[in-house]
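Residue numbering for the sequence shown follows our numbering, starting at 140 and increasing by one per position.
Please read the structure below before turning to the comments.
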Amino acid sequence: ASQTATGGFETRSFTGGSRTSITVEDLEPNNRYELIMSATNTDAMLFGEESDPSILMTKSLPISNLRVAYTRATEVTLEWDAPPGRSRNIIKYNVSYRVATETESRVGAALETLPLESV
Numbered sequence: 140a141s142q143t144a145t146g147g148f149e150t151r152s153f154t155g156g157s158r159t160s161i162t163v164e165d166l167e168p169n170n171r172y173e174l175i176m177s178a179t180n181t182d183a184m185l186f187g188e189e190s191d192p193s194i195l196m197t198k199s200l201p202i203s204n205l206r207v208a209y210t211r212a213t214e215v216t217l218e219w220d221a222p223p224g225r226s227r228n229i230i231k232y233n234v235s236y237r238v239a240t241e242t243e244s245r246v247g248a249a250l251e252t253l254p255l256e257s258v
């Protein structure tokens, strides 16, 4: 695979005329990307027409350092470190919880999911 940068796009070339999938690696987490593709004629070494653009969003990495900041009889306040990447693209967090079994109470477990602003 070779790569070049043109018009703000990084271009990676892959061989194989019958190939219908590729994996684009080394993208940043929690980031929006625009992708376009074209085929190259090996005889003329010319790029064909570009595809319509496709916009995608890479997944966020998990939060880290989840900790209990404050506990009361009926509520708990959690704190965490935001995942790396473009935090402005995170629109909400979800917190999951359930009553833990005796075994899980020693380890910690979570299952029910609610948007954080609902908690």
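The beta carbon of each residue, even a glycine, is placed where N, CA and C say it ideally should be.
Predicted, not measured: the structure shown is a model, and the values here were computed from it.
So if DSSP puts Leu-205 in a beta bridge, which residue, or which two residues, is it bridged to? Residue numbering aside, residue 205 sits at position 66 when the sequence shown is read from its first letter. DSSP lists no partner for Leu-205.
Alpha carbon of Leu-166 to alpha carbon of Arg-225, nearest angstrom: The sequence position of residue 166 within the sequence shown is 27, counting from 1. The sequence position of residue 225 within the sequence shown is 86, counting from 1. Each residue's alpha carbon lies about 12 Å from the other.
Please state the DSSP three-state secondary structure of Arg-227. As a first step, residue 227 is located in the sequence shown; it is residue number 88 there, counting from the start. Arg-227: helix per DSSP, three-state reduction.
Between the Cα of Leu-200 and the Cα atoms of Asn-228, Arg-206, Val-215, Leu-174, which residue gives the shortest distance? By 1-based counting over the sequence shown, the position of residue 200 is 61. Closest option to Leu-200, Cα to Cα, is Asn-228.
Rounded C-alpha distance that separates Pro-223 from Thr-197: The sequence position of residue 223 within the sequence shown is 84, counting from 1. The sequence position of residue 197 within the sequence shown is 58, counting from 1. Going from the Cα of Pro-223 to the Cα of Thr-197 covers about 12 Å.
Since Leu-200 sits in a beta bridge, which residues does DSSP pair it with? Numbered from its first residue, the sequence shown carries residue 200 at position 61. DSSP, once it has assigned bridges, lists no residue as partnering Leu-200.
I'd like the list of long-range same chain contacts for Asp-203, defined as Cβ closer than 6 Å, with 5 residues on each side in sequence excluded. Locating residue 203 in the sequence shown gives position 64, where the first residue counts as 1. Note that residue 203 is Ser in the sequence shown here, rather than Asp. Same-chain partners within the cutoff: Asp-220.
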